[in-house]
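The listed protein sequences derive, respectively, from chains Z and U.
Residue 1 is where the first sequence starts when you use the UniProt record's numbering, and the numbers rise one by one after that.
Residue 1 is where the second sequence starts when you use the UniProt record's numbering, and the numbers rise one by one after that.
Idealized CB from N, CA, C, for every residue including glycine.
Encoded as structure tokens, the structure appears first; notes follow it.
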Amino acid sequence: MSLPDSLNHHREGLTTSHHDWTMLQAKKLVEGQKPVQIDANTSIENACEILHMSGISCAPVYDASRKQYVGMFDYGDLMTYVLLALKKMDVPLEDQSMEMRDLIHKSRQHQQVPVKLASDLSGKDPFCAVLAETRLGAIVNDFGSGIHRVAVMNSNGELAGVLSQSSVLDFLMRHLSEFSHLQPVMQKTLPELGLVNSNVLSVNGDAQVLEALMAMSSNNVTSVAVLDDQGVLIGNISMADIQYIMKDLKASWLWLSCFQFVSKVRQSRGVETGEDQYPILDVNATATFGYALAKLQATKVHRLWVVNDNGLVAGVVSLTDVFKILSAHTDS
Amino acid sequence: MVLDLDRCIESLFKRQLLAESVIKEICERTKELLMNESNVVHINAPVTVVGDIHGQFYDLLEIFKIGGYCPDTNYLFLGDYVDRGLYSVETMSILTCLKLRYPDRVQLVRGNHESRAVTQTYGFYTECMKKYGSPQVWHYFTDLFDYLTLSVVIDNMIFCVHGGLSPSIHTIDQIKVMDRFKEIPHEGPMADLVWSDPDPGREEFAVSPRGAGYTFGSLVVEKFLHENGMDHILRAHQLCMEGFQVLFDDQLSTVWSAPNYCYRCGNLASILEVGVDGERHFNVFEAAPENERPSAAEVQRAAMFANGIPTGLFSGVGSNGAMTSSPAAGNGNGNGASSFLTTAGMDPTQDAIHYFL
Chain Z
1 MSLPDSLNHH REGLTTSHHD WTMLQAKKLV EGQKPVQIDA NTSIENACEI
51 LHMSGISCAP VYDASRKQYV GMFDYGDLMT YVLLALKKMD VPLEDQSMEM
101 RDLIHKSRQH QQVPVKLASD LSGKDPFCAV LAETRLGAIV NDFGSGIHRV
151 AVMNSNGELA GVLSQSSVLD FLMRHLSEFS HLQPVMQKTL PELGLVNSNV
201 LSVNGDAQVL EALMAMSSNN VTSVAVLDDQ GVLIGNISMA DIQYIMKDLK
251 ASWLWLSCFQ FVSKVRQSRG VETGEDQYPI LDVNATATFG YALAKLQATK
301 VHRLWVVNDN GLVAGVVSLT DVFKILSAHT DS
Chain U
1 MVLDLDRCIE SLFKRQLLAE SVIKEICERT KELLMNESNV VHINAPVTVV
51 GDIHGQFYDL LEIFKIGGYC PDTNYLFLGD YVDRGLYSVE TMSILTCLKL
101 RYPDRVQLVR GNHESRAVTQ TYGFYTECMK KYGSPQVWHY FTDLFDYLTL
151 SVVIDNMIFC VHGGLSPSIH TIDQIKVMDR FKEIPHEGPM ADLVWSDPDP
201 GREEFAVSPR GAGYTFGSLV VEKFLHENGM DHILRAHQLC MEGFQVLFDD
251 QLSTVWSAPN YCYRCGNLAS ILEVGVDGER HFNVFEAAPE NERPSAAEVQ
301 RAAMFANGIP TGLFSGVGSN GAMTSSPAAG NGNGNGASSF LTTAGMDPTQ
351 DAIHYFL
């Protein structure tokens with residue numbers, strides 16, 4: 001039997017005397033974390049398995065021979081690797097790093113590629129380290145500018161933990177009753193906060209998955225809305241779904257239609273948890289910010305599509321949007 | 001059209017599909033029947049309650065063997081008849097026929113899978129297309145789903161629903177006045193009844209990780225039972241390894257009736273027998289015995305259904321670095337083990353898509 005929520009707060013050792021969440025230090029939030037890291041020589045396939053089994057979308061890559069972290073490996077890097085290997089992405093020779101050249105060479109030779117060549121491959125969301133004393137306010141600011149996670153380092157260079165947008169959101173929501181400054185913004189509606197803007201990358205359900213991945217990559221977004229012929233939202237493909245392609249070598253899924261792919265991903269996930277999820281993770285355009293955050297926290301996704309009453313997509317609320325708003329509200 | 005329901009039921013027990021025109025007729029007639037049912041149907045014990053079946057037809061036959069055949073046994077089915085299993089069409093067909101044949105002995109409650117959006121994602125639509133060559137049968141059944149009741153009360157004491165409770169619903173009367181004859185909405189009380197889950201770690205409602213409905217805790221359960229003068233909530237919707245689960249000091253039970261879910265979870269299943277004195281007994285059972293299971297080919301297709309490609313589809317494909325089907329290919333530092341991606345630009349999925357559809 002679990003304790004009521006109020007007792008849980010005390011057990012977490014949070015000093016409740018100070019309600020300004022922006023002043024909390026990063027080390028407090030990563031206390032007790034056993035961060036997952038991947039050895040630099042692990043194959044990409046095994047690195048994906050590690051991410052999948054740990055239920056995370058990113059991990060630091062550690063090179064024991066150089067005794068240092070060489071980058072982060074996430075699904076964005078995996079996607080870039082897949083597109084490069086399939087020659088669906090062209091990076092001019094002069095823009096290729098040594099690691100990228102080596103990776104391309106190895107994959108052309110059909111050799112195993114060690115994850116150290118793929119870390120930070122996408123060029124987006126590179127390894128970003130912060131000291132353990134860094135204040136949460138600064139981290140939230142970073143999150144609002146598009147950084148998805150930071151590696152929290154102790155002064156001796158050891159990894160204390162990883163703070164992701166998801167984990168910080170979860171923390172703020174669990175302690176919401178203590179952070180009175182946050183409560184007014186929770187009551188605002190999505191349109192009031194400018195989150196209904198229909199600038200959303202979408203793809204038709206019949207398009208190939210590979211096309212969707214290419215579109216995500218070239219448009220620099222982490223997910224794409226899947227629509228039917230009437231423009232109604234029927235599903236979503238995000239970079240994290242690429243883990244299902246790597247698992248058990250289902251590479252051929254790249255050539256399925258987006259709708260078939262969405263279906264397969266959902267079916268796989270539901271068996272693992274014994275609970276099926278609603279096919280579409282969305283929020284109504286009239287909902288409050290607080291409700292959207294509660295749903296983001298509960299479903300653990302990185303964005304919710306905003307839909308109107310007809311099921312047509314009217315916008316998106318991503319974790320980056322959330323932190324941009326929270327950051328703006330703390331400044332005022 | 002002259003309909004011989006007994007003949008239909010007999011054929012279905014032998015897993016023979018009914019003609020499209022027959023499906024149309026039975027759906028039309030069942031809708032007329034269901035139209036007169038309240039959103040809260042009151043019945044009396046004895047009754048045997050069945051949880052999620054998910055197209056596992058052979059396990060449904062097992063349920064009749066263990067629990068007794070209609071009309072000798074009264075049945076209450078709590079939804080999720082379709083999706084995931086290989087025989088959603090046969091399962092739904094036989095249950096519809098049984099309801100039509102013995103309307104007072106069979107109750108069918110709507111589950112979250114009895115919905116157009118969900119059945120397009122989780123397999124029922126695809127199965128209809130495969131078995132009938134057109135989406136008509138899927139349309140007939142999904143239109144029928146709009147008529148299924150939302151809840152049942154046994155002996156005024158046990159509230160039965162597919163998912164769980166809703167923050168918008170405090171009394172049974174509120175359920176009675178809802179308009180249920182439509183596709184399940186994304187949000188609102190109707191969605192909550194079919195999507196919600198109990199959370200023994202909580203006291204109140206919280207947003208559900210499923211993306212629809214809520215999780216609800218002990219205080220919510222106590223309040224609902226007290227306000228409505230009942231002593232138990234019975235629902236399905238969540239996989240139980242032991243076939244059932246009892247929570248909140250025996251105020252709520254989950255019954256799950258699909259053993260070895262998706263033909264690979266290895267779980268037990270159960271049916272709940274409610275006696276005239278209110279006794280509740282979970283009759284636990286395993287997946288149907290070997291000789292009545294789907295053939296090896298069908299199980300392989302089921303695995304493919306879940307995984308995409310049968311293993312071995314690509315073994316023997318050309319030597320220039322084509323995809324390997326062996327999971328060992330991803331292993332660490334094997335010499336010369338090929339990368340799983342082919343750069344030859346060929347599309348080996350054509351065969352796979354042919355199988356899948």
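### Chain-order list of residues whose beta-carbon lies under 6 Å from that of N74/U (same chain, five-residue window excluded)
Counted from its first residue, the second sequence places residue 74/U at position 74. Same-chain partners within the cutoff: V47, R105.
Residues in the same chain with beta-carbon distance under 6 Å from S318/Z, minus the five sequence neighbours each way, listed in chain order, please. Translated into positions along the first sequence, residue 318/Z becomes position 318. Excluding sequence positions up to five before and after S318/Z, its CB lies within less than 6 Å of the CB of R303, all in the same chain and listed in chain order.
Counting contacts by CB-CB distance shorter than 7 Å, is V271/Z in contact with chain U? Counting from 1 along the first sequence, the entry for residue 271/Z is found at position 271. Taking Cβ atoms only, chain U reaches closer than 7 Å to V271/Z, which makes this a yes.
Output needed in chain order: residues of the region 288-300 of chain Z with a Cβ under 8 Å from some Cβ in chain U.
Against chain U - using a Cβ distance shorter than 8 Å - the residues of the region 288-300 of chain Z are Y291, A294, K295, Q297, A298, T299, K300.
**Item:** Residues that E275/Z contacts on chain U, provided the C-beta gap is smaller than 9 Å
**Value:** Looking up residue 275/Z in the first sequence gives position 275. Those are D197, P209, R210, H237, Q238, L239, listed as they occur along chain U.
Looking at V209/Z: is its Cβ nearer than 7 Å to the Cβ of L256/Z? Working through the first sequence from its first residue, we reach residue 209/Z at position 209. Working through the first sequence from its first residue, we reach residue 256/Z at position 256. Taking 7 Å as the cut-off, the Cβ atoms of V209/Z and L256/Z count as close.
Neighbour-count burial assignment, N236/Z, 16 or more Cβ in a 10 Å radius: Within the first sequence, residue 236/Z is the residue found at index 236, counting from 1. A residue is called buried once 16 or more other Cβ atoms fall within 10 Å of its Cβ, and N236/Z is buried on that count.
Worksheet item: Tell me the DSSP bridge mates of N236/Z?
Response: Your numbering for residue 236/Z matches position 236 in the first sequence. DSSP lists A225/Z as partners of N236/Z.
Exposed unless 16 or more other CB atoms sit within 10 angstroms - verdict on M1/U: Residue 1/U sits at position 1 when you count from the first residue of the second sequence. Exposed, because fewer than 16 other Cβ atoms sit within 10 Å of the Cβ of M1/U.
Quiz item: Which residues share a DSSP beta bridge with S151/U?
Solution: For the purposes of this step, residue 151/U is taken as residue 151 along the second sequence, with counting starting at 1. Looking at the DSSP assignment, S151/U forms a beta bridge with V40/U, V161/U.
Have a look at Y102/U and L148/U and give me their C-alpha separation to the nearest angstrom.
In the second sequence, residue 102/U corresponds to position 102, counting from 1. In the second sequence, residue 148/U corresponds to position 148, counting from 1. Straight-line spacing of the CA atoms in Y102/U and L148/U works out to 16 Å.
Alpha helix (DSSP H) containing Y291/Z: first to last residue?
Within the first sequence, the letter at position 291 stands for residue 291/Z. Annotation for Y291/Z: the continuous alpha helix (DSSP H) segment containing it runs 289-299.
Please classify K130/U as buried or exposed, where buried requires at least 16 other C-beta atoms within 10 Å of its C-beta. If you number the second sequence from 1, residue 130/U lands on position 130. Exposed, because fewer than 16 other Cβ atoms sit within 10 Å of the Cβ of K130/U.
- Message: Strictly by DSSP, which residues pair up with C58/Z?
- Response: As a working mapping, residue 58/Z is identified with position 58 in the first sequence. D74/Z, per the DSSP bridge assignment.
Does any C-beta atom of chain U lie closer than 7 Å to the C-beta of R174/Z?
Here residue 174/Z refers to the residue found at position 174 of the first sequence. Against chain U, the CB of R174/Z has no partner CB under 7 Å away; the residue lies outside that interface.
Residue(s) in a DSSP beta bridge with A160/Z = As a first step, residue 160/Z is located in the first sequence; it is residue number 160 there, counting from the start. A160/Z is not bridged to any residue.
Extract the residue ranges of the alpha helix (DSSP H) inside the region 83-122 of chain U, only unbroken runs of 4 or more that lie entirely within it.
For the region 83-122 of chain U, whole alpha helix (DSSP H) runs of length 4 or above, ordered along the chain, are 88-101, 116-122.
Practice item. For A206/U, return the contacting residues in chain Z, with the cut-off set at a CB-CB distance below 8 Å. Key: Position 206 of the second sequence, counted from the start, is the residue given in the question as residue 206/U. Going along chain Z in sequence order, the residues near A206/U (Cβ under 8 Å) are A294, A298.
* To do: Would you check if the distance between the CB atom of M157/U and the CB atom of D277/U is smaller than 7 Å?
  => The residue labelled residue 157/U in the question sits at position 157 within the second sequence. The residue labelled residue 277/U in the question sits at position 277 within the second sequence. Result no, Cβ atoms of M157/U and D277/U do not sit closer than 7 Å.
TODO: Indicate whether L78/U and H162/U have their beta-carbon atoms separated by less than 7 Å.
DONE: As a first step, residue 78/U is located in the second sequence; it is residue number 78 there, counting from the start. As a first step, residue 162/U is located in the second sequence; it is residue number 162 there, counting from the start. Cβ atoms of L78/U and H162/U: closer than 7 Å.
Coil, strand or helix - H232/U by DSSP: Reading the second sequence from its first residue, position 232 is the one you call residue 232/U. Residue state, collapsed to three classes: strand.
Quiz item: Do you know offhand how far F141/U's Cα is from S223/Z's?
Solution: Locating residue 141/U in the second sequence gives position 141, where the first residue counts as 1. Locating residue 223/Z in the first sequence gives position 223, where the first residue counts as 1. Their Cα atoms are separated by approximately 33 Å.
task: Enumerate in chain order the residues of its own chain whose CB-to-CB distance from N260/U is below 7 Å, with the five nearest sequence positions on each side excluded.
output: Walking along the second sequence from the start, residue 260/U turns up at place 260. Taking C-beta separations shorter than 7 Å and ignoring five residues to either side along the sequence, the partners of N260/U in its chain run G266, N267, A287, following chain order.
task = Using the Cα positions of V61/Z and A118/Z, report the straight-line distance between them to the nearest angstrom.
result = Within the first sequence, residue 61/Z is the residue found at index 61, counting from 1. Within the first sequence, residue 118/Z is the residue found at index 118, counting from 1. Per the coordinates, the alpha-carbon of V61/Z lies some 10 Å from the alpha-carbon of A118/Z.
Residues in the same chain with beta-carbon distance under 8 Å from residue 334/Z, minus the five sequence neighbours each way, listed in chain order, please.
There is simply no residue 334/Z to check, as chain Z begins at 1 and stops at 332 in what is shown.
Given a cut-off of 7 Å, decide if L272/U and V152/U are closer than it, judged by their beta-carbon atoms.
Indexing the second sequence from 1 puts residue 152/U at position 152. Indexing the second sequence from 1 puts residue 272/U at position 272. Contact flag unset, no.
query: Quick one: what does DSSP say T320/Z is sitting in, helix, strand or coil?
result: Here the question's residue 320/Z lines up with position 320 in the first sequence. In the structure shown, T320/Z falls within a helical segment according to DSSP collapsed to helix, strand and coil.
| Own chain residues within Cβ distance below 8 Å of R7/U, not counting five before or after | Position 7 of the second sequence, counting from 1, holds the residue named residue 7/U. Excluding positions up to five away in sequence, the list is empty.
P279/Z touches chain U at which residues, Cβ-Cβ below 7 Å?
Counting from 1 along the first sequence, the entry for residue 279/Z is found at position 279. Listed along chain U are A117, V118, T121, each with a C-beta nearer than 7 Å to that of P279/Z.
M153/Z bridges to which residues according to DSSP?
Within the first sequence, residue 153/Z is the residue found at index 153, counting from 1. L131/Z, L159/Z.
Which residues in the same chain have their Cβ closer than 8 Å to the Cβ of residue 333/Z, if we skip the five residues on either side of it in sequence?
Residue 333/Z falls outside the range modelled here, since chain Z spans only 1 to 332, and no answer is possible.
Check your understanding: At a cut of 8 Å, does the region 185-203 of chain Z reach the region 306-326 of chain Z through at least three beta carbon pairs?
Key -> In the pairwise beta carbon analysis, the region 185-203 of chain Z is classified as touching the region 306-326 of chain Z: at least three pairs are separated by under 8 Å.
- prompt: At a Cβ threshold of 7 Å, is S263/Z touching chain U?
  reply: Position 263 of the first sequence, counted from the first residue, corresponds to residue 263/Z. True, the Cβ-Cβ gap to chain U drops below 7 Å.
Starting from the Cα of R269/Z, find the closest Cα among F13/U, E279/U, D249/U, T121/U and give me that residue.
-> Sequence index remark: in the first sequence, residue 269/Z carries index 269 (1-based). If we check each option's Cα against that of R269/Z, T121/U comes out closest.
*Applying a beta-carbon distance threshold of less than 9 Å, which residues of chain Z neighbour R84/U?*
Your numbering for residue 84/U matches position 84 in the second sequence. Ordered by position in chain Z, the residues that pass the 9 Å Cβ test against R84/U are Q267, G270, V271, D276.
Give me the chain Z residues within the contact set of E187/U, using Cβ-Cβ distance strictly less than 8 Å, ordered along the chain.
The residue labelled residue 187/U in the question sits at position 187 within the second sequence. Here the neighbours are N284.
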